Amino acid sequence: MSLSCSADAINQPIIFGGKVIDFAVNLVENYNSEAKSIFYYGHPTTVAEDVNFCNVTVTYTHPGQNDTVHVETWLPMDKFNGRLQSVGGGGWIAGRYPPSYLAMSGAISEGYATSTTDAGLQLQSDYGPDSWALTSEGNPNLSLLQNFASISLGDQANIPKGLVKSFYGEAPKYSYWSGCSQGGRQGMMLAQRYPEAYDGIHACAPAINWNQLFMSTLWPQLIMQELNYFPYPCEMNAILAEAIEACDALDGIIDGIISNEDACDFDPMDVVGKSINCSDTANIISITEEAAKIAKSTWSGPTTADGKFIWYGPNTGAQLSGQSLQLTNDIGLAMTTCTNGTCKGAPVGLGEVWIKYWIEANPDWSYKNMSREAFDLYAQEAFQLYESVIGTNDPDLRAFYKKGGKILGYHGTHDQIIAVKGTRHYYGKVKEIIPEVASFYRMFEVPGLLHCSGGKGGQPTNTFDALRAWVENGTVPTELPHSFEDANGYEQHRLLCPYPKKAWLKTNDSNKAFSYLSSLVSNAVDICQGGRDFSLVLEGVVDWTKCREAYKRVMAGMALCPLPYVLTAGPAREPPVPEITQTATKSMPSRITPLLKQRLFQAFSHTHQGVELCGCIPLDTFADDNIDGEDQFLLEAVLALSTLHVTDSEVETDSQFKTAKAVMRHYRHLAQASSRDYSDRPTITTIRANLVLGLCELLTMAGSKAWLHIGLAIRFAQTLRMRSEHNRRLSPYQREIRRRTFWACITLDRIVAYSTFRTQTIALDLVELHLPCSEAAFVFGRETPGPQIEELGRELQDNSGSLALAYLVKTVLLWSPITQSFVEHGRRLLSGKHGAEAWERYWQSEAAITSWLNSLPSGMKWSENNLRAHKSLGQSCHYVSMHMLIQHAMFIVHHEFLVYEEDQISLPDILSVPITTASGSTVNEQSLASTQACVDGAMQIVNMLRTIERVTKEIPPNLFAGTAISTSASVLLWVCYCSPDVVFPPGFRIQEPDMARQDANYLLAVLDTWAGTWPRARAWANSIRLLDEFYRSRRGGRGLPRAAPPDETMLQNEKSEPDSGAGSPIHLRDGDGLPDVNTIPRETYYKVRMITGLILEQPEICRSILQMRDDEPSTEQLEQDPVSWQADFDFAWVEDTELMAEHSVLTDYAMYLDI
1182 MSLSCSADAI NQPIIFGGKV IDFAVNLVEN YNSEAKSIFY YGHPTTVAED
1232 VNFCNVTVTY THPGQNDTVH VETWLPMDKF NGRLQSVGGG GWIAGRYPPS
1282 YLAMSGAISE GYATSTTDAG LQLQSDYGPD SWALTSEGNP NLSLLQNFAS
1332 ISLGDQANIP KGLVKSFYGE APKYSYWSGC SQGGRQGMML AQRYPEAYDG
1382 IHACAPAINW NQLFMSTLWP QLIMQELNYF PYPCEMNAIL AEAIEACDAL
1432 DGIIDGIISN EDACDFDPMD VVGKSINCSD TANIISITEE AAKIAKSTWS
1482 GPTTADGKFI WYGPNTGAQL SGQSLQLTND IGLAMTTCTN GTCKGAPVGL
1532 GEVWIKYWIE ANPDWSYKNM SREAFDLYAQ EAFQLYESVI GTNDPDLRAF
1582 YKKGGKILGY HGTHDQIIAV KGTRHYYGKV KEIIPEVASF YRMFEVPGLL
1632 HCSGGKGGQP TNTFDALRAW VENGTVPTEL PHSFEDANGY EQHRLLCPYP
1682 KKAWLKTNDS NKAFSYLSSL VSNAVDICQG GRDFSLVLEG VVDWTKCREA
1732 YKRVMAGMAL CPLPYVLTAG PAREPPVPEI TQTATKSMPS RITPLLKQRL
1782 FQAFSHTHQG VELCGCIPLD TFADDNIDGE DQFLLEAVLA LSTLHVTDSE
1832 VETDSQFKTA KAVMRHYRHL AQASSRDYSD RPTITTIRAN LVLGLCELLT
1882 MAGSKAWLHI GLAIRFAQTL RMRSEHNRRL SPYQREIRRR TFWACITLDR
1932 IVAYSTFRTQ TIALDLVELH LPCSEAAFVF GRETPGPQIE ELGRELQDNS
1982 GSLALAYLVK TVLLWSPITQ SFVEHGRRLL SGKHGAEAWE RYWQSEAAIT
2032 SWLNSLPSGM KWSENNLRAH KSLGQSCHYV SMHMLIQHAM FIVHHEFLVY
2082 EEDQISLPDI LSVPITTASG STVNEQSLAS TQACVDGAMQ IVNMLRTIER
2132 VTKEIPPNLF AGTAISTSAS VLLWVCYCSP DVVFPPGFRI QEPDMARQDA
2182 NYLLAVLDTW AGTWPRARAW ANSIRLLDEF YRSRRGGRGL PRAAPPDETM
2232 LQNEKSEPDS GAGSPIHLRD GDGLPDVNTI PRETYYKVRM ITGLILEQPE
2282 ICRSILQMRD DEPSTEQLEQ DPVSWQADFD FAWVEDTELM AEHSVLTDYA
2332 MYLDI
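If you're matching positions, the sequence shown starts at 1182 in my numbering and goes up one per residue.
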């Protein structure tokens, strides 16, 4: 096909919302250029020799916007590879400037069609926006800012595609975007707003989180102004050298790079007073306190005037100063310029320009008179005005993901302009929405790389090809070899890993990519302590300082690294297999498909992970398919727990099992074996695994086994001294993992105490650990310590919802004393000699939780808007569970005072004595107040659930929600059957019985929805139905719907797979071994069934009672003396275990409780 490079041969593009005003087509022949890798991002240096291409420049305007935009496209005349590669800009430039043209020359030499746009900003004389930022003083040019931010990017995608189709006769097979810094931001904006534009986006060091980023670039200059101190560059360079000296060896290689910043505890204040040879003054000077403060503030990042976090700073080890405002690899945020011995601040041309033109809209404004308070206001105003315009941090990439697009990029750990932690932050936010984020978005951190290029770590040259292979061939970039020349001209080889993994050296040859292993930090092994588990070092069990000193003793060119090889002066030798791996050699059979495993992970994340387990297990723990040891134990426990929330049909399709119950048993058995293997291994991983396994046992109503595993986790936590923040060397991410794991121990300690009638283990007065941080802190490693218990609710008035988990844990702590006291004493309180004291404690606890509810900040109170806000933050489960717990805590207290006829016992406490007061009356002011509180609370739960269904479309199951729902249903049944017989005072308002029945039906339907896979939900639903039958036997009326008949296949499976620890449905059919209802009082008949459902929720024991064994009282005995027979079923077994053990019907249950 003969190609014609002429305006007549190429169709002019049609631009939606735009009008073409010029269409220039020119043939370029024998084009020569060298595209160095520093601008041809992700590629090696490429030379274009005698290339011929057709240059098509489209000039257009958006009518009414008074703009003139150019999109320039180069179309190769020969060797076209069928692909489009558009390139981005840098700084304040959208494109069509020298670096863009160098990238285009690389692309055209490799056969790509390529394009660039100026976004209507015209050709700028420098790198600033001075020529276009304002239409007039006081009026920012919003049209051009929108062009720059996003609109021109959509045009730049559509115009070249149309030109390619017109020129070659077919559209591009694949379209790619490539850019770094501003170009990286443009790429991420394309994924967010134009998901159909490109198949692959190569976005490196992206300038996303625009407002926070730009404010952070001005922060060090503000500190200088505040201190009135402007250091010589040599002073800042000396502090940088000290930081590298202190932390270089922590990654196992002395190469002038801080690769393991998480373990770096360098404080610039420690080198104050140290003498240095300053090249700027040609004499010896000392490092000043002011310079140390500036360095520390730069690396820490900006805060508000009262010390609250605003954004991240560059990593420790990033360049602080520099010499030029033009070359990005020789600048720093704490840069100064010095003349005749006097220095002044030299901002990098981002933050101060942003405020000058877009906040103040005043070209004469200067940052030099800005206060901390003004800085805070500018940050807030910038966010309010421009976040939706150019923020470029929308994490909802579902449209791009579903379209099949891929994003790959790199970011240097020593990037001195755009903090790598900001990119981590965004990646984590995407992961909250799309847990399988790594299936389409991967970001490779490059140790030692400065902004886009430069630095001691070298710039990657194979990331674009990796993206193309991923898009076109499905080749997943699990890791990338990385080669570069060091400062001495020697070629170095490393391994790059996708975040959050890091490369760890595993042999003595640090100059080979295959010498590295891509791993999460927690999987590493610390060799300097003889093969001990590295997590013990992180936990403070092993002295980290000894390891660090060992690292420092290693000579240059040698290495010591936390993986299974010890490096010495001689050849590498393999150490003995650590004991910790010898017990973990069993392999997990692959008996479920990856699809089902992913479904189980989703179920885990969606249910108990964020509530009872406090979100302590990030799912990227299981990103590697080849896990073993303790991580395998954790995986087994997670899969066992998750299987409680999938259906048999899902299991049968994607596994070798027939039922979900069989899968649960399989993985629970494996996890139980692993728990025995690691019973003497106190690590974070074994703690979490035992917590998950204990929760699984609890939900299948194996309370004794649950207590065993949860108790073991608590003992491990105490061994590791997790109740305090004692180890400050941990990274924020690791510290938050510890924090959440320990609070998960506390939460499950409270739950299992309530469920198994045991005393709580962890005393809160000994706990010094902060409450969990926000989701952002956990996922992205931000250091924002959580509040102490006494601070929460008093000093924190955070309305953003970011502390929902901390508020939930605080609520658990208020809930647990009430529920524990209720379990131990509630139903017999007033008959005991200490009843008055116990009730006084009740009222104090109730007052505390009521005060807590009233003191919640507006963002944490219950409302649909707040629920939507928490849903957008991925924290709706925390928020809902907190309010469910509050209602349940108040129900427990007020249940005892529901109003009944004076001669009738309290039905919810059917096995207890009647509640009476000193006057002997059951109807009193307290009863009336409690009745109102119970009914209001039950209706509140119903309204909450309907709101949840409306907002989130489903109600995720968890213990707190289930407990509150079952309690509410019992109150509504009381309204149906009992309230009509009570004479209430004038003005007392209560729900209509018919409406209460509808609401009870709704709550029962919620439990039935969960009951398909969750034994405890089935027990709750059966208990409600039993209570309904009991009420109806006394009072008549229309009852609740009956449960669906049991599946015969499920019944057969249960018969063939006996398991005393697992739950199964309680199948109630008329006459199932019960006393003849025609020969004994119906009340006694239904009391027996109430015992079955409400007290003994363990199914096997229920069946034993239903079968009425031979040694049980006969029907005649029951008829003659039902009261004395019934007394043996009273709650006396809580206090009198001997009576319980002697009673033949309860023998199995006594064994189950280990009595």
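Cβ coordinates follow ideal geometry from the N, Cα and C atoms, glycine included. Every value quoted in this text rests on a predicted model; they were computed, and no experiment measured them.
- Query: Asp1311 to Ile1202, Cα distance in whole Å?
  - Reply: Across the structure, Asp1311 and Ile1202 are spaced so that their CA atoms are roughly 26 Å apart.
- Query: By DSSP, does Gln1266 sit in helix, in strand, or in coil?
  - Reply: When DSSP states are grouped into helix, strand and coil, Gln1266 belongs to the strand group.
- Task: Could you check what DSSP says for Ser1187 in three-state terms: helix, strand or coil?
- Result: In the three-state DSSP reduction, Ser1187 falls in the coil class, being neither helix nor strand.
- So the beta strand (DSSP E) Gly1670 belongs to, where does it begin and stop? Here Gly1670 belongs to no beta strand (DSSP E), and DSSP marks it neither H nor E.
- Task: For Phe1581, count neighbouring C-beta atoms within 10 Å of its own C-beta (all shown protein chains included) and say buried if the count is 16 or more, exposed if not.
- Result: It is buried - the Cβ of Phe1581 has at least 16 other Cβ atoms within 10 Å.
- Just to confirm, are Ala1600 and Pro1495 a CB contact at a threshold of 9 Å? Going by C-beta atoms, Ala1600 is nearer than 9 Å to Pro1495.
- Item | Nearest-angstrom Cα separation, counted from Pro2196 out to Met2176 | Each residue's Cα considered, the two are about 29 Å apart.
- Query: Would the beta-carbon of Cys1633 fall within 9 Å of that of Cys2058?
  - Reply: In this structure, Cys2058 does not lie closer than 9 Å to Cys1633 by Cβ.
- Mind checking which residues open and close the beta strand (DSSP E) that includes Ile1382? The continuous beta strand (DSSP E) containing Ile1382 extends over residues 1381 to 1385.
- Task: Give the DSSP-derived three-state secondary structure of Met1845 in the structure shown.
- Result: DSSP places Met1845 in helix when its eight states are reduced to three.
- Task: Buried or exposed for Pro1194, please, with buried defined as at least 16 other CB atoms from any protein chain shown within 10 angstroms of its CB.
- Result: Burial state of Pro1194 is buried, judged by a 10 Å Cβ sphere holding 16 or more other Cβ atoms.
- In whole angstroms, what separates the C-alpha of His1592 from that of Arg1374? About 22 Å.
- Contiguous alpha helix (DSSP H) assignments of at least 4 residues, all confined to the region 1777 to 1858: Complete alpha helix (DSSP H) runs here, min 4: 1810 to 1823, 1829 to 1834, 1841 to 1858.
- Message: I'd like to know whether the C-beta atoms of Gly1586 and Gly1381 end up nearer to each other than 9 Å.
- Response: Contact: yes.
- Query: Exposed or buried, which one is Val1228 when buried takes at least 16 other CB atoms within 10 Å?
  - Reply: It counts as exposed.
- Query: Just how far apart, CA to CA, sit Trp2043 and Met2125?
  - Reply: Whole-angstrom Cα-Cα distance: 8 Å.
- Mind the definition here: the region 1845 to 1856 touches the region 1806 to 1823 only if three or more C-beta pairs lie below 8 Å; say whether that holds. Contact holds: three or more Cβ-Cβ distances are below 8 Å.
- Task: Mark Ser1185 as exposed unless 16 or more other C-beta atoms lie within 10 angstroms of its C-beta, in which case mark it buried.
- Result: Result: exposed.
- Specify the secondary structure class of Asn1543 as computed by DSSP and reduced to three states. Of the three classes helix, strand and coil, the one that applies to Asn1543 here is coil, per DSSP.
- Message: By the three-class DSSP mapping on this structure, what secondary structure does Met1405 have?
- Response: The DSSP-derived three-state label of Met1405 is helix.
- Per the contact definition of three or more C-beta pairs closer than 8 Å, is the region 1231 to 1245 in contact with the region 1209 to 1223? With a cut-off of 8 Å on Cβ pairs, the region 1209 to 1223 is in contact with the region 1231 to 1245, counting three or more such pairs.
- Task: Taking 9 Å as the cut-off, decide whether the C-beta atoms of Asp1492 and Met1370 are in contact.
- Result: Note on identity: in this sequence residue 1492 is Trp, with Asp being the wrong assignment. Contact: no.
- Item | 6 Å Cβ shell around Asp1132 - same chain, five flanking residues per side excluded | It is not possible to answer for residue 1132, since the shown part of the chain is limited to 1182 through 2336.
- Give the straight-line distance between the Cα atoms of Arg1846 and Ala1887, rounded to the nearest whole angstrom. Rounded to whole angstroms, Arg1846 to Ala1887 spans 15 Å at the Cα level.
- Query: Measuring CB to CB, does Leu1344 end up less than 9 Å from Ala1294?
  - Reply: Against a cut-off of 9 Å, the Cβ pair of Ala1294 and Leu1344 comes out as a contact.
- Decide if Asp1451 is buried, meaning its Cβ has at least 16 other Cβ atoms within 10 Å, or exposed. Asp1451 is exposed by the Cβ-count criterion.
- Task: Spell out the partners DSSP gives Ile1457 in its beta bridges.
- Result: Under DSSP, Ile1457 takes part in a beta bridge, and its partners are Ile1466.
- Give the range of the beta strand (DSSP E) segment to which Trp2155 is assigned. Premise fails: Trp2155 lies in the alpha helix (DSSP H), 2140 to 2158, not in any beta strand (DSSP E).
- Which class does Asn2046 belong to by DSSP, given the choice of helix, strand or coil? Three-state DSSP puts Asn2046 in a helix.
- Message: Could you compute how far the alpha carbon of Phe1447 sits from the alpha carbon of Tyr1559?
- Response: Cα atoms of Phe1447 and Tyr1559: separation of roughly 31 Å, rounded to the nearest angstrom.
- Rounded C-alpha distance that separates Asn1643 from Leu1399: Straight through space, the alpha carbons of Leu1399 and Asn1643 are spaced by roughly 33 Å.
- Message: Check whether the region 1235 to 1252 and the region 1286 to 1300 are in contact - that is, three or more C-beta pairs closer than 8 Å.
- Response: Contact between the region 1235 to 1252 and the region 1286 to 1300 is present, because at least three Cβ pairs lie under 8 Å.
- Query: What three-state label does DSSP hand Thr2230 in the structure shown?
  - Reply: Residue confidence for Thr2230 is low, a pLDDT of 35 falling below 50, so the modelled location carries little weight; the figure read from the coordinates is stated next. Judged by DSSP in its simplified three-state form, Thr2230 adopts helix.
- Can you tell which of Leu1302, Asp2189, Val2152 has its C-alpha closest to the C-alpha of Asp2209? Residue Val2152 is the option with its Cα nearest to Asp2209.
- Task: Measure from the alpha carbon of Gly2193 to the alpha carbon of each residue in Trp2033, Asp1829, Arg1916, Leu2048, then state which is nearest.
- Result: Comparing alpha-carbon positions, the option among Trp2033, Asp1829, Arg1916, Leu2048 lying closest to Gly2193 turns out to be Asp1829.
- Task: Keeping to the same chain, check which residues put their C-beta closer than 6 Å to that of Met2231; ignore five residues upstream and five downstream.
- Result: In this prediction, Met2231 scores a pLDDT of 34, lower than 50, which makes its location untrustworthy; no coordinate-derived value is stated.
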